[in-house]
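So the sequence shown is numbered by this note's numbering: it starts at 5 and just counts up by one. To keep things clear, I will list the structure first and then write my remarks on it.
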Amino acid sequence: MATLNPIFRSNRMKLGVMAINCSGGSTVTTAPEAWPMTWSDNVKLARMVDQAGFEALLPVGRWKGYGGSSNFNNRTFESFTWAAGIGAVTKQIAVLSTIHAPLVHPVMAAKQAATIDHITDGRFVLNVVCGWFRNEFEMFDAEWREHDRRYDYAAEWLRLCRRLWTETESFNFEGEFFHGKDLWSEPKPVQRALLPVMNAGSSLIGQRFSAENCDMNFVMLRQKNEESDRAQIYQLKQMASAAGRHSGCWIHGYAVIRPTQKEAEAALERYVVQFGDDEAVNNMLSIFGMESETLEPSVMDAFRFHFKAGHGGYPLVGTPKKVVDDMVRLADMGVDGILLSWLDYLGECAQWIEEVIPLMEAAGLRAPASS
Ligand SMILES: Cc1cc2nc3c(=O)[nH]c(=O)nc-3n(C[C@H](O)[C@H](O)[C@H](O)COP(=O)(O)O)c2cc1C
């Protein structure tokens, strides 16, 4: 292995970018600045954050749009072929792919992952997802297992992948879900058994799977009070360390940075309320099973706002200083990294690099990027 995978670096608050392989990115809006998603923009953004020393680029695994006038996420680059291309044009950042475990056999996935790990010389990370949206599985005519069973399936799927990444003799596999004869895969990944795996399960069983099997875990902070958010992170880290892992705890967040708090809030309000795509977000919430008949209107409204603003991520809204103060608080709570999204990815990411990163460095959250 050439170097340590970037997601394991020592920066107190690691940074990544989320969903640039999807039209609209993470923002459910018809505002004209929304991410149109072209290959040339993907390359521009990937190179920009690579040079700025960000740690991770995460593509989302999504197979169809959500309707509405934005048809949010209707156009998506497939995440392994995306990662192979992005890996070849970047130098230091970790490149992820998102795999729906029930849709791809581990023999295929293990080899795809190993191939990208060679292209990137050990910068690959695999995001294993079990299925979030039933309507995607219907496209594949794939079995939609009961929620917790999906995680049993993923655990065996990953066990088989890891054997393919490490074992130098062919082997037979007799599991509950997979059976195979003389299994074999070469070349091994550059990172071999250490090839990192991400999972963002948020249910108890999802978090347990993530903590016990993965290197990059996620929490969805409820933001009701700091104590309960801190407890959520502590519990996830405890589960990981009980399983002998020292996994990082990440969140995803959407950023709106302006010279004043008032301007930042107005910019957010504009793309969420004036231009937000309510039809797409209602479709999304109904696929999640969150219908307005079962939830209070105020709760539904809060969800809608939050999902239009940045796919339910953590809000980083305000002046550069205020947002850096927020990130210091998050780091103190135990958050190790944030996957970011913006409305105007190229423009606002450049602004983040120019205005926010120096303050993060001054606050001890990050060391300057080595050129
Ligand atoms: C940062 C992040 C990225 C995710 N990426 C995907 C994805 O690309 N495709 C997908 O189907 N699900 C994705 N998910 C959904 C999770 O894998 C998981 O299914 C969801 O958080 C619900 O948790 P549960 O499965 O434990 O109920 C993502 C979630 C988060 C927070």
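Using N, Cα and C, we set each Cβ at its ideal position, and we do this for glycine too. Everything numeric in this text was worked out from a predicted model, so none of it was measured.
Use the C-beta contact count for residue i: other C-beta atoms within 10 angstroms, 16 or more gives buried, fewer gives exposed.
i, result
"Val-194", "buried"
"Asp-444", "One cannot answer for residue 444 here, as it falls past the ends of the chain, which runs 5 to 375."
"Ala-306", "exposed"
"Gly-205", "buried"
"Met-17", "buried"
"Asn-229", "exposed"
"Lys-95", "exposed"
"Arg-333", "exposed"
"Leu-19", "buried"
"Val-201", "buried"
"Gly-248", "exposed"
"Asn-15", "buried"
"Met-364", "buried"
"His-315", "buried"
"Pro-191", "exposed"
"Leu-208", "exposed"
"Thr-80", "buried"
"Gly-293", "exposed"
Where residue i and residue j are concerned, what is the direct C-alpha to C-alpha distance, given to the nearest angstrom?
i, j, result
"Val-32", "Tyr-318", "15 Å"
"Ser-214", "Lys-266", "38 Å"
"Ile-237", "Asn-217", "17 Å"
"Met-5", "Met-22", "With a pLDDT of only 47 at Met-5, under the threshold of 50, the placement of this residue in the model should not be trusted, and no figure is reported."
"Ala-371", "Ser-30", "28 Å"
"Ala-114", "Leu-168", "7 Å"
"Tyr-349", "Leu-49", "8 Å"
"Met-52", "Phe-144", "36 Å"
"Asp-186", "Asp-152", "30 Å"
"Asp-45", "Asn-25", "10 Å"
"Ser-174", "Val-111", "12 Å"
"Gly-210", "Leu-320", "26 Å"
"Thr-42", "Ser-189", "33 Å"
"Val-303", "Gly-135", "25 Å"
"Gly-91", "Val-133", "21 Å"
"Phe-311", "Val-223", "16 Å"
"Asn-139", "Arg-154", "16 Å"
"Glu-273", "Glu-171", "53 Å"
"Gly-69", "Val-47", "23 Å"
"Lys-340", "Ala-268", "The amino acid at residue 340 is misidentified as Lys; the sequence shows Asp. So the alpha carbons of these two residues sit roughly 25 Å apart."
"Glu-352", "Met-331", "17 Å"
"Leu-240", "Asn-221", "8 Å"
"Arg-13", "Thr-323", "27 Å"
"Trp-384", "Val-93", "For the chain, the structure presents residues 5 to 375; residue 384 sits outside this window and is missing."
"Pro-263", "Pro-301", "33 Å"
"Ala-313", "Gln-227", "15 Å"
"Ala-235", "Leu-344", "23 Å"
"Ala-4", "Phe-181", "Absent from the model: residue 4. The displayed extent of the chain is 5 to 375, so no value can be given."
"Ala-38", "Leu-347", "5 Å"
"Met-243", "Arg-212", "7 Å"
"Val-129", "Ala-270", "37 Å"
For a test of your reading of the model: does the CB of residue i fall under 6 Å from any non-hydrogen atom of ligand 1? Yes or no.
i, result
"Phe-391", "As shown, the chain starts at 5 and ends at 375. That puts residue 391 outside it, with no answer to give."
"Ser-206", "yes"
"Val-201", "no"
"Gly-65", "yes"
"Thr-31", "no"
"His-256", "yes"
"Val-133", "yes"
"Gly-69", "no"
"Thr-85", "no"
"Gly-252", "no"
"Gly-210", "yes"
"Trp-39", "no"
"Trp-136", "yes"
"Thr-80", "no"
"Thr-1", "Only positions 5 to 375 of the chain appear in this structure, which leaves residue 1 out of reach."
"Thr-102", "yes"
I'd like to know whether the C-beta of residue i is nearer than 7 Å to at least one C-beta of chain D.
i, result
"Ser-290", "In summary, chain D is missing from the structure at hand, where a single protein chain is found."
Just confirm the distance between the C-beta atoms of residue i and residue j, as a whole number of angstroms; I'd bet it's less than 8 Å.
i, j, result
"Asn-286", "Gly-126", "About 43 Å; that fails the 8 Å criterion."
"Val-328", "Val-360", "6 Å"
"Ile-103", "Gly-65", "7 Å"
"Pro-63", "Ser-101", "7 Å"
"Ile-11", "Ala-60", "6 Å"
"His-250", "Ile-342", "Contact doesn't hold; Cβ gap of about 19 Å is too wide."
Between residue i and ligand 2, is the CB less than 6 Å from at least one heavy atom?
i, result
"Phe-81", "Of the ligands this structure carries, namely ligand 1, none is ligand 2."
- Message: Assess contact between the stretch 73 to 81 and the stretch 279 to 289, defined as three or more Cβ pairs (one per stretch) separated by less than 8 Å. Is contact present?
- Response: The answer is yes - the stretch 279 to 289 touches the stretch 73 to 81, with three or more Cβ pairs under 8 Å.
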